[in-house]
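A quick write-up on the structure given underneath.
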Amino acid sequence: MISLKTDSINLLYDCYIKQRSNLLWVLECKDLINIDHNLGNQLRDAVGDELLIYGFNGDEPNQYGILLESLIDEIGRLFIYN
Numbered sequence: 004m005i006s007l008k009t010d011s012i013n014l015l016y017d018c019y020i021k022q023r024s025n026l027l028w029v030l031e032c033k034d035l036i037n038i039d040h041n042l043g044n045q046l047r048d049a050v051g052d053e054l055l056i057y058g059f060n061g062d063e064p065n066q067y068g069i070l071l072e073s074l075i076d077e078i079g080r081l082f083i084y085n
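Read in order, the letters of the sequence shown correspond to residues 4 to 85 in my numbering.
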């Protein structure tokens with residue numbers, strides 16, 4: 004279990020279904036998960052892949068892209084400052 008808002012969890016789930024289904028266990032696990040730099044970067048990379056594919060209109064992020072950028076930051080706070 005990771006500590007994120009429900010909207011963020013739902014967005015992560017959508018990203019992981021499309022980009023990295025091997026990471027779904029992080030969202031489905033009921034136990035507290037220690038997110039180290041390796042796992043944290045894998046989680047952020049999956050969202051980054053989604054951002055690159057669907058998050059831009061030309062050079063500017065679209066509304067979905069802005070949500071994904073925020074989610075990448077949110078995931079980073081789970082492990083970078085610990």
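Virtual Cβ for every residue (Gly too), placed ideally from N, Cα, C.
Counting along the chain, the unbroken alpha helix (DSSP H) around residue 44 starts and ends at 40-57. In the DSSP assignment, residue 80 falls within the alpha helix (DSSP H) that extends over 66-82. No Cβ-Cβ contact shorter than 8 Å links residue 50 with residue 30. Nearest to residue 74 by C-alpha distance, out of 47, 26, 23, 33, is 47. Here residue 68 has 54, 58, 59 as same chain residues with Cβ atoms under 7 Å from its own Cβ, once five neighbours each way along the sequence are excluded.
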